[in-house]
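*Asks:*
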Amino acid sequence: MNDRDDNDGRPEGSERPAEPERPQSADGRKAPGHTPAQPPARTPAQSPGEAPAPERRSPSLRSELPAEVRGARPRPAATDGPEPGGPGTAGQVADGERELTGRQRLVKGLWPPRVSRAQLIVAVLLFVLGLGLAIQVRSHSDNSALRGARQEDLVRILDELDSRTQRLEDEKQGLEHQRTELENSSDQADEARKQTAEKERQLGILAGTEVAQGPGITMTVTDPKGAVQADMLLDAIQELRAAGAEAIQVNGVRVVVNTYLTDADGGKGVSVDGHHLSQPYRFKVIGKPQDLEPALNIPGGVVQTLEKEQATVTVTRSEKVVVDALRAAHQPDYAQSSSQ
Amino acid sequence: MIAVLGLVVGIVVGLFVRPEVPAVVEPYLPIAVVAALDAVFGGLRAMLDGIFDDKVFVVSFLSNVVVAALIVFLGDKLGVGAQLSTGVVVVLGIRIFSNAAAIRRHVFRA
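Residue numbers (our numbering), protein chains in the order written: chain C, 1 to 340; chain Y, 1001 to 1110.
1. May I ask you to list the residues that DSSP assigns as paired with Ala247/C?
2. Is there at least one Cβ from chain Y nearer than 8 Å to Val115/C's Cβ?
3. Give the residues of chain C in contact with Val1033/Y, contact being defined as C-beta atoms less than 8 Å apart.
4. For Ala134/C versus Leu1015/Y, is the C-beta distance shorter than 8 Å?
5. Is it true that the region 1043-1063 of chain Y meets the region 1074-1093 of chain Y, where meeting means three or more beta-carbon pairs spaced less than 8 Å apart?
6. Residues of chain Y with a CB under 8 Å from the CB of Val367/C: which are they?
7. In the structure shown, what three-state DSSP assignment does Thr259/C receive?
8. In angstroms with no decimal places, state the Cα-to-Cα distance between Arg254/C and Val323/C.
9. Taking only beta-carbon positions, decide if Pro1027/Y is within less than 8 Å of chain C.
10. Please name the residue, chosen from Arg105/C, Val250/C, Ile217/C, Lys225/C, that lies closest to Leu233/C on a Cα-to-Cα basis.
11. Which bits of chain Y does Leu120/C rub up against, with CB to CB less than 7 Å?
12. Got a sec: is the Cβ-Cβ distance from Asp1054/Y to anything in chain C below 8 Å?
13. State the CB to CB distance for the pair Ile1031/Y and Ala1068/Y, rounded to an integer number of angstroms; the pair is presumed to be in contact (CB under 8 Å).
14. Among the residues of its own chain, which have a CB less than 6 Å from the CB of Leu206/C, if the five just before and after it don't count?
15. According to DSSP, is Thr222/C part of a helix, a strand, or is it coil?
16. So, does the CB of Ser139/C fall closer than 8 Å to a CB anywhere in chain Y?
17. Under 6 Å Cβ to Cβ from His330/C, same chain only, skipping five residues before and after it: list those, please.
18. Helix, strand or coil, according to DSSP, for Arg164/C in the structure here?
19. Quick check on the burial criterion: 16 or more other C-beta atoms within 10 angstroms. Buried or exposed for Gly216/C?
20. Can you check whether the C-beta of Ala1100/Y is within less than 8 Å of a C-beta belonging to chain C?
21. Since His330/C is in the alpha helix (DSSP H), which residue starts that stretch and which ends it?
22. For Pro1022/Y, return the contacting residues in chain C, with the cut-off set at a CB-CB distance below 7 Å.
23. Contact defined as beta carbons within less than 8 Å: I believe Leu240/C pairs with Ala295/C. What is the distance between those atoms, to the nearest angstrom?
24. Rank Asp1038/Y, Ile1096/Y, Gly1006/Y by C-alpha distance to the C-alpha of Val1065/Y and give the top, closest one.
25. My assumption, with CB atoms under 8 Å, is that Val1034/Y sits in contact with Leu106/C. Please give the rounded CB distance.
26. Taking the Cβ atom as the reference point for each residue, do Gln151/C and Leu1029/Y lie within a distance shorter than 8 Å?
Laid out in structure tokens, this is it:
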């Protein structure tokens, strides 16, 4: 412990000389080499700053403080007794030093507020101290959880946070991956649904469950004598199919894959899929007209064969033929797709 | 009196203005405050002893703060910052206690 240094503001140190030396120390502090009778005349000119200087150089004068206090008290009565009045009112701490106890000096320093260099300097320093104190207290209480923590704790907390961040990052990646998958799959499902619908339409045209329209031809067979038989119409249908017809209907009956034609009862007329067709036979065919018409008109073809039976055949091309005869979708009982 | 006012004003300003402490100074602030407290107690005791000297007080105040900060800085550089801080606080604490005892004898005569 070195609280006897001069750095605590007490130039001569905390420990005062022993009682016998006390008078000497007091004198030395006031002014070196003066006699006890001089202090009253000298003190007014003395400034607080210069007074203690000489005594600082007398380390041998140190002793325990209680001794000093005890020594200080009798001393004013003994030697400086006559002085208390004058110097005391002068208002300087150094003046009344010998007469006053510490408590009196404290009160004296506190109450009549004096503006002196010492007071101002000390005030500035104490202001700085108070500032630092308040800042420190406030900053310490602000986020005390981490600020007060030891280094090992901080390292541990940091590690925990790191691992936690890592875990959350992993989880986030997993979730993002999942989300991407779901988005892709829903996209794929949409696409598949679209394709399915498209395919259903195409197949519906083939199966006769959908109305079809497009370029094609219309063929009307008028058979006043009733000589036209089912095989002739079947030839016509097969010729049309061979020429690329995609949808055919005859007098409101859709011609599909399992369509059959029979001669009507009594040899007059033709039945298609059990529906008796009345004259004239009107074919609506969707396909490429440039292919369909020549296919019918080729020599020895359908048209010539029919005309040989005294039937009248009219074939007209059309940019828009509507095949609107429908057929109920038929669910096969035994046949199943092998791809499923 | 003015000195006490300075202390009060400092605390109030510190509490309400909330100035930002530079990060470089931050680790040394607590130890500097304790060192300054030690100087203040020493100065108070000197005043009660009647030997107060403002020049000595200023020098002791500043040197206390600087030396305390220096020790902490050195301790940080040597890797024993926490231990040295503790040591400084203990030493200053003992000084403050002894000064406080002297002040107490002055004020209460006990």
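Positions of the beta carbon are idealized from the N, C-alpha and C atoms, including for glycine.
*Replies:* Well, looking at it:
1. The residue you call residue 247/C lines up with position 247 of the first sequence. Its beta-bridge partners are Ile286/C.
2. Taking the first sequence and counting its residues from 1, one reaches residue 115/C at position 115. At least one chain Y Cβ lies under 8 Å of Val115/C.
3. As a working note, residue 1033/Y is residue 33 in the second sequence. Those are Leu129, Gly132, Leu133, Gln136, listed as they occur along chain C.
4. Taking the first sequence and counting its residues from 1, the one referred to as residue 134/C is at position 134. Taking the second sequence and counting its residues from 1, the one referred to as residue 1015/Y is at position 15. Result yes, Cβ atoms of Ala134/C and Leu1015/Y sit closer than 8 Å.
5. no
6. The structure shown has nothing for residue 367/C, since chain C only spans 1 to 340.
7. The residue given as residue 259/C occupies position 259 in the first sequence. Residue state, collapsed to three classes: coil.
8. Working through the first sequence from its first residue, we reach residue 254/C at position 254. Working through the first sequence from its first residue, we reach residue 323/C at position 323. One C-alpha to the other measures close to 8 Å.
9. If you number the second sequence from 1, residue 1027/Y lands on position 27. Output row for Pro1027/Y: interface = no.
10. Taking the first sequence and counting its residues from 1, one reaches residue 233/C at position 233. Checked all of Arg105/C, Val250/C, Ile217/C, Lys225/C; the closest Cα to Leu233/C is Val250/C.
11. For the purposes of this step, residue 120/C is taken as the residue at position 120 of the first sequence. Result: Ile1002.
12. Translated into positions along the second sequence, residue 1054/Y becomes position 54. Cβ-Cβ to chain C under 8 Å: yes for Asp1054/Y.
13. Mapped onto the second sequence, residue 1031/Y falls at position 31. Mapped onto the second sequence, residue 1068/Y falls at position 68. With a Cβ gap of about 5 Å, Ile1031/Y and Ala1068/Y count as contacting.
14. Residue mapping note: residue 206/C aligns to position 206 of the first sequence, counting from 1. Hits under 6 Å: none found.
15. Counting from one through the first sequence, the residue named residue 222/C turns up at place 222. Looking at Thr222/C - three-state DSSP - the assignment turns out to be strand.
16. As a working mapping, residue 139/C is identified with position 139 in the first sequence. Yes, Ser139/C counts as interfacial toward chain Y.
17. Position 330 of the first sequence, counted from the start, is the residue given in the question as residue 330/C. Around His330/C: no qualifying Cβ.
18. Indexing the first sequence from 1 puts residue 164/C at position 164. If DSSP states are grouped into helix, strand and coil, Arg164/C belongs with the helices.
19. Along the first sequence, read from residue 1 onward, the residue named residue 216/C stands at position 216. Buried.
20. Taking the first residue of the second sequence as 1, we reach residue 1100/Y at position 100. So no, Ala1100/Y is outside the interface.
21. Taking the first sequence and counting its residues from 1, one reaches residue 330/C at position 330. His330/C -> no alpha helix (DSSP H), and no H or E assigned at all.
22. As a first step, residue 1022/Y must be located in the second sequence, where it is residue number 22. Correct list: empty, because the minimum Cβ distance to chain C is about 11 Å.
23. On the first sequence, residue 240/C is found 240 positions in, with the first residue counted as 1. On the first sequence, residue 295/C is found 295 positions in, with the first residue counted as 1. Confirmed, about 7 Å.
24. Residue mapping note: residue 1065/Y aligns to position 65 of the second sequence, counting from 1. Per the Cα distances, Asp1038/Y.
25. For the purposes of this step, residue 1034/Y is taken as the residue at position 34 of the second sequence. For the purposes of this step, residue 106/C is taken as the residue at position 106 of the first sequence. Rounded, the Cβ-Cβ distance is 23 Å, inconsistent with contact.
26. The residue labelled residue 151/C in the question sits at position 151 within the first sequence. The residue labelled residue 1029/Y in the question sits at position 29 within the second sequence. Contact: no.
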